[in-house]
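Below: the structure, in structure tokens.
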Amino acid sequence: MATADQIKALIKTHAEGDDARFYAIAMQVAAQEARQGHGRLAQELTDAVDAAKERARTGGRRTPMVAISKEMGEVLAVGQPRLHLADMVLPDEIRARLQRILRENRQQAKLNAHALSPRRKVLLTGPPGSGKTMTAAVLAGELHLPLFTVRLEGLITKYLGETAAKLRLVFEAMVKARGVYFFDEFDSIGGQRALANDVGEARRILSSFLQLLEQDDSTGLIVAATNHVSLLDGALFRRFDDVLEYGIPGKDLVKRLITSRLAAFPTPDLDWDGVLLAAEGLSCAELAAACDDAAKDMILADAALLETADLARAMDERRTIRR
Ligand SMILES: Nc1ncnc2c1ncn2[C@@H]1O[C@H](COP(=O)(O)OP(=O)(O)OP(=O)(O)O)[C@@H](O)[C@H]1O
Ligand SMILES: [Mg+2]
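Each residue of the sequence shown is one higher than the last, beginning at 4 in our numbering.
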């Protein structure tokens, strides 16, 4: 047992933020326990100190352990997003399903102890600007994992068999470096008419992917996103643990998105009927961009308020750009 003096010293050093001294005392306690034959407790204490030191060293974040080789650099881009689920405006059902994915992955060890595994393979479908890429970044941000985005232009080549070989490299990387692996524009791999110009080759790429996905037992997440769900091969769906369908936001979400995006700017009571009318059919990305446009105009014009008409105009402009 730790002595009363040791416990007092632990509390004092913790309160003073003297980490080095705190760990030294904890190691003293561990050594004492080991001498008294309490090997297991001693080991647990040592492990706890090691983990705490590692967390302090990396700022609580796991850093991507792979230095991406030149060859992999053509296929994978790595980043460390800082986004959180709270940054997104989502229908309750999608938020709940993302929370569940996060919960299961945060407590992976607990599940594994019962021969269960977390949801790791997620397909995101929905129109442009609905938050699919942002979701991949949020999953990485929330789990403190690196985000590896698969570069399709590097992956899909015109040389027969090369794409399947590169795909295999990506799946090998998943085992070496835990992370969120994001396959954007997934229809070009998983579509019946893939980017490959040869039908036989397209089928080969798809079947390699299916096989690799099925065999994969790495511990990170695999997130695929597509705007063209109808192009996806039916065999794919059951290989994902979750399929989340994003859409054009309804009135309630539009209101929440605008309110949160403009929270830092002075708005009068917006005429919501007018705003919602102007917002109809716009994607989350377009709404976010229109809010930023209106806010920038207000700042640069030294205006005191951001008015409904300014916001409506910005939204109309976004709609025009799209056409
Ligand atoms: N649900 C959302 N909540 C808050 N902001 C959002 C949401 N969806 C999109 N945005 C904003 O729009 C930007 C673009 O969205 P994102 O790139 O995630 O869309 P996407 O679905 O991946 O589109 P694409 O199909 O074109 O790749 C985000 O970076 C964010 O600023
Ligand atoms: Mg995207």
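Each residue gets a CB set at the ideal place from its N, CA and C atoms; glycine is no exception.
Since the structure is predicted, the reported quantities are computational estimates derived from the model, not experimental observations.
No heavy atom of ligand 1 is found nearer than 7 Å to the CB of L172.
Distance check between I159 and each of D276, T136, T222 and E188 places E188 closest, using alpha-carbon atoms only. Around the Cβ of A205, a 10 Å sphere holds 16 or more other Cβ atoms; the residue is buried.
In terms of Cβ geometry, Y184 and F151 form a close pair [threshold 8 Å].
Per DSSP, V92 lies in no beta strand (DSSP E) and is assigned neither H nor E. When secondary structure is reduced to three states using DSSP, E248 falls in the strand class. Shortest gap from the CB of T229 to any heavy atom of ligand 2: 7 Å or more.
Residue burial annotation: T323 is exposed, with fewer than 16 other C-beta atoms found within 10 angstroms of its C-beta.
Nearest C-alpha to T229 among S120, L126, L163 and P149: L126.
Taken through DSSP and simplified to helix, strand or coil, T160 comes out as coil.
When the beta-carbon positions are compared, Q31 and Q46 stay at least 8 Å from each other. One residue list follows from the rule of a beta carbon closer than 5 Å to any heavy atom of ligand 1, given in chain order as M91, V92, P131, G132, S133, G134, K135, T136, M137, N230, C287, A288 and A291. Across the set T138, T6, A5 and A238, the C-alpha of A238 shows the shortest separation from the C-alpha of E217. DSSP assignment within the region 246-323 yields the following whole alpha helix (DSSP H) runs of 4 residues or more, N-terminal first: 254-264, 275-282 and 287-303. Relative to ligand 2, the nearest heavy atom lies less than 7 Å away from the CB of D187. Spanning the alpha carbons of L256 and P84 requires a straight line of approximately 24 Å.
Between the alpha carbons of P94 and Q102 lies a distance of about 12 Å. Boundaries of the alpha helix (DSSP H) around G144: K135 to L146.
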